[in-house]
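Trainee:
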DNA sequence: GGACGATCGCAACCCACCGTTGCGTTAGTG
DNA sequence: CACTAACGCAACGGTGGGTTGCGATCGTCC
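Chains as they are written, first to last, in our numbering: chain A, 1 to 201; chain B, 202 to 402.
(1) Distance cutoff 7 Å, beta carbons only. Does residue 110 of chain A sit that close to anything in chain B?
(2) Sorted by chain position, which residues of the same chain lie with C-beta nearer than 7 Å to residue 344 of chain B's C-beta, five sequence neighbours on each side aside?
(3) For the putative contact between residue 228 of chain B and residue 313 of chain B, defined by C-beta atoms under 8 Å, what is the C-beta separation to the nearest angstrom?
(4) For residue 39 of chain A versus residue 51 of chain A, is the C-beta distance shorter than 7 Å?
(5) Please give the ranges of any alpha helix (DSSP H) in the region 35-77 of chain A, keeping only runs that are unbroken, at least 4 residues long and fully inside the region.
(6) Kindly indicate the opening and closing residues of the alpha helix (DSSP H) around residue 157 of chain A.
(7) Could you check how far apart the C-beta atoms of residue 62 of chain A and residue 18 of chain A are, in whole angstroms? I think they sit under 8 Å.
(8) On the DSSP bridge assignment, give the partners of residue 197 of chain A in chain order.
(9) Would you check if the distance between the CB atom of residue 166 of chain A and the CB atom of residue 366 of chain B is smaller than 7 Å?
(10) At what residues does the alpha helix (DSSP H) containing residue 303 of chain B begin and finish?
(11) What does a CB cutoff of less than 6 Å around residue 294 of chain B pick up in its chain, not counting 5 residues either side in sequence?
(12) Identify which residue in A/114, A/102, A/99 and A/152 has its Cα closest to the Cα of residue 235 of chain B.
(13) Return the chain-ordered list of same chain residues with a C-beta closer than 6 Å to the C-beta of residue 173 of chain A, the five sequence neighbours on each side being excluded.
(14) Would residue 2 of chain A pass as an interface residue toward chain B - the criterion being a Cβ-Cβ separation below 7 Å?
(15) Using DSSP with H/G/I as helix, E/B as strand and the rest coil, what is residue 33 of chain A?
(16) From which residue to which residue does the alpha helix (DSSP H) around residue 118 of chain A run?
(17) Identify, in the order they occur along the chain, each residue of the same chain with its Cβ nearer than 6 Å to the Cβ of residue 358 of chain B, setting aside the five sequence neighbours on each side.
(18) Find the residues of chain B that neighbour residue 98 of chain A, judging by a C-beta separation of less than 8 Å, and give them in chain order.
(19) Give the range of the alpha helix (DSSP H) segment to which residue 389 of chain B is assigned.
(20) To which residues of the same chain is residue 399 of chain B closer than 6 Å at the C-beta, ignoring the five residues directly before and after it?
(21) Between the alpha carbons of residue 320 of chain B and residue 348 of chain B, how many angstroms are there, rounded?
(22) Note down, in chain order, every chain B residue with its Cβ under 7 Å from the Cβ of residue 158 of chain A.
(23) Mapping the DSSP letters down to three states, classify residue 373 of chain B as helix, strand or coil.
(24) Alpha carbon to alpha carbon, how far is residue 87 of chain A from residue 259 of chain B?
(25) Distance cutoff 7 Å, beta carbons only. Does residue 396 of chain B sit that close to anything in chain A?
(26) Output, in chain order, the set of chain B residues within a Cβ distance shorter than 7 Å of residue 169 of chain A.
(27) Against chain A, with Cβ distances strictly below 7 Å, would residue 328 of chain B count as a contact?
(28) Look up residue 85 of chain A in the DSSP assignment and say whether it is helix, strand or coil.
(29) Measure the C-alpha to C-alpha separation of residue 140 of chain A and residue 284 of chain B and round it to an integer number of angstroms.
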């Protein structure tokens, strides 16, 4: 009944990394729906069985691969002006979404989210954390008096990012810095006007 | 070499309709990824072969089903006030996205859009038309002087809808009228402030 | 109403891919 | 060096997309 001894040694972590790397690569090339475990194994120079022994399903494998790639939390900018800060954030989001890895990651998350409630919850937590990491930008604007007290920081950040994700996922329109700037400006203007004050009518 | 004679008669259109209807139903129950052609055929009371004879692939089938269901263009409201109009639109979008058929349709489109460039183009056209059908709301506001000349109507509409789609697809947060109202208010405020004037810095 | 052809049902098939099992081999680790 | 976790390998079961050939319907036109 005792747990088998773990072996964090050289070979294990080596194959783990190469499999996760191969998963990301296949994700970029074929997307989540058409991702094949056999193809991942071949690309990683590993046998299919090895993948299944370590990850119980395709979903878990992809989830692990995404988690290993998404550890980088971008630092919140601080220019002293809300719109400038939002503009920088919006541009970094555009950079993420126009990068093949980032695009594949987001698409995979969206595709997978409807599969299982557990995965859906995991992703909700992930995005909540991501939004929270951008919130300081709004908090500082609030303490400067740039936006009214009671302004919901997460809502401002979402208003800034939402049009960018809409273009990528829904309308299939191209993304560039101009779109980012416009989106940032709209969010900043609305925030200053008090559109994101909690409980406002 | 001559085309086989088309037969728009009773049986053909009958099976076509039942298959498309069954496709929508299966789409609601299982989503695009796990949609099975055999299940669709069974549900439609039709043999699998029949489906494949008429639709060359699963993608095409789903695309056709969605097109047949999405013909309904919601009429643009006209209350005499931009924010009120946007609020009504936003609420109808929420209604669409919380409806099982609507949610399944949107998710299917998103999942499918990354598969083929042709499908992606089709969807781009579809969404462009949908945005355009809502544009009169902004046009009227412009002629009332409520928003500056040069305001991009499609961008306003997108700003109104984007947070709703973000919640459904990305952050997996619940949708309700409160969210709709807030989103409409933010878009209206930003539009009035001239944030969507083309070429504005 | 009869003939012709489009469409359908049916059975059987190929093939790709997910996921599993048993066994022999390699390679960390004490 | 002995022990065993981890890997390679071959083979298998199952599901589901997509195809083919043939015989049975059903719409259409004369």
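No residue lacks a Cβ here, since even glycine has one placed at the ideal position from N, Cα and C.
Mentor: In short:
(1) The residue labelled residue 110 of chain A in the question sits at position 110 within the first chain. Answer yes: the Cβ-Cβ gap between residue 110 of chain A and chain B drops below 7 Å somewhere.
(2) Position 143 of the second chain, counted from the start, is the residue given in the question as residue 344 of chain B. For residue 344 of chain B, where only same-chain residues beyond five positions count, there are no Cβ hits under 7 Å.
(3) Here residue 228 of chain B is taken as the residue at index 27 of the second chain, counted from 1. Here residue 313 of chain B is taken as the residue at index 112 of the second chain, counted from 1. Actually they are not in contact, since the Cβ atoms of residue 228 of chain B and residue 313 of chain B sit about 11 Å apart, beyond 8 Å.
(4) Here residue 39 of chain A is taken as the residue at index 39 of the first chain, counted from 1. Here residue 51 of chain A is taken as the residue at index 51 of the first chain, counted from 1. Residue 39 of chain A is not a Cβ neighbour of residue 51 of chain A, given a cutoff of 7 Å.
(5) Here the runs fully enclosed are 37-44, 48-54 and 58-69.
(6) Residue mapping note: residue 157 of chain A aligns to position 157 of the first chain, counting from 1. That run of the alpha helix (DSSP H) goes 153-166.
(7) The sequence position of residue 62 of chain A within the first chain is 62, counting from 1. The sequence position of residue 18 of chain A within the first chain is 18, counting from 1. Between residue 18 of chain A and residue 62 of chain A the Cβ distance is about 16 Å, and since that is not below 8 Å, they are no contact.
(8) Stepping through the first chain from its first residue, residue 197 of chain A is reached at position 197. Residue 197 of chain A pairs with A/151.
(9) Here residue 166 of chain A is taken as the residue at index 166 of the first chain, counted from 1. Here residue 366 of chain B is taken as the residue at index 165 of the second chain, counted from 1. Residue 366 of chain B is positioned such that its CB atom lies closer than 7 Å to that of residue 166 of chain A.
(10) Locating residue 303 of chain B in the second chain gives position 102, counting from the first residue. Its alpha helix (DSSP H) spans residues 301-314.
(11) If you number the second chain from 1, residue 294 of chain B lands on position 93. For residue 294 of chain B, where only same-chain residues beyond five positions count, the Cβ hits under 6 Å are 362 and 365.
(12) Position 34 of the second chain, counted from the start, is the residue given in the question as residue 235 of chain B. The shortest C-alpha separation from residue 235 of chain B is found at A/114.
(13) Residue numbering aside, residue 173 of chain A sits at position 173 when the first chain is read from its first letter. By the criterion of a C-beta distance shorter than 6 Å, residue 173 of chain A is surrounded in its chain by 167, once the five residues flanking it on both sides are discounted.
(14) Here residue 2 of chain A refers to the residue found at position 2 of the first chain. Unreliable placement is indicated for residue 2 of chain A, whose pLDDT of 49 sits below 50; the coordinate value is still reported in the next sentence. Not one chain B Cβ lies under 7 Å of residue 2 of chain A.
(15) Counted from its first residue, the first chain places residue 33 of chain A at position 33. Residue 33 of chain A falls in the coil class under three-state DSSP.
(16) In the first chain, the residue the question calls residue 118 of chain A occupies position 118. 117-134 is the span of the alpha helix (DSSP H), which, as asked, contains residue 118 of chain A.
(17) Here residue 358 of chain B refers to the residue found at position 157 of the second chain. Take residue 358 of chain B, set aside five residues on each side of it, and the residues of its chain with a beta-carbon closer than 6 Å to its own are 332 and 335, in chain order.
(18) Taking the first chain and counting its residues from 1, one reaches residue 98 of chain A at position 98. Ordered by position in chain B, no residue passes the 8 Å Cβ test against residue 98 of chain A, which lies about 14 Å from the chain.
(19) Counted from its first residue, the second chain places residue 389 of chain B at position 188. Per DSSP, the unbroken alpha helix (DSSP H) holding residue 389 of chain B starts and ends at 378-393.
(20) Within the second chain, residue 399 of chain B is the residue found at index 198, counting from 1. For residue 399 of chain B, where only same-chain residues beyond five positions count, the Cβ hits under 6 Å are 351 and 353.
(21) The sequence position of residue 320 of chain B within the second chain is 119, counting from 1. The sequence position of residue 348 of chain B within the second chain is 147, counting from 1. Going by C-alpha positions, residue 320 of chain B is about 35 Å away from residue 348 of chain B.
(22) Working through the first chain from its first residue, we reach residue 158 of chain A at position 158. Residues of chain B passing the Cβ test: 364 and 367.
(23) Walking along the second chain from the start, residue 373 of chain B turns up at place 172. In the displayed model, residue 373 of chain B falls within coil according to three-state DSSP, outside both helix and strand.
(24) Your numbering for residue 87 of chain A matches position 87 in the first chain. Your numbering for residue 259 of chain B matches position 58 in the second chain. Going by the C-alpha atoms only, they are around 41 Å apart.
(25) Translated into the one-based positions of the second chain, residue 396 of chain B becomes position 195. Contact of residue 396 of chain B with chain A is assigned, a C-beta pair being separated by under 7 Å.
(26) The residue given as residue 169 of chain A occupies position 169 in the first chain. Residues of chain B passing the Cβ test: 311 and 370.
(27) One-based indexing of the second chain puts residue 328 of chain B at position 127. Yes, residue 328 of chain B lies at the interface with chain A (some Cβ there is under 7 Å from its Cβ).
(28) Here residue 85 of chain A refers to the residue found at position 85 when the first chain is read from its first residue. Reduced to three states, the DSSP call for residue 85 of chain A is helix.
(29) As a working mapping, residue 140 of chain A is identified with position 140 in the first chain. As a working mapping, residue 284 of chain B is identified with position 83 in the second chain. Taking the Cα positions, residue 140 of chain A is about 29 Å away from residue 284 of chain B.
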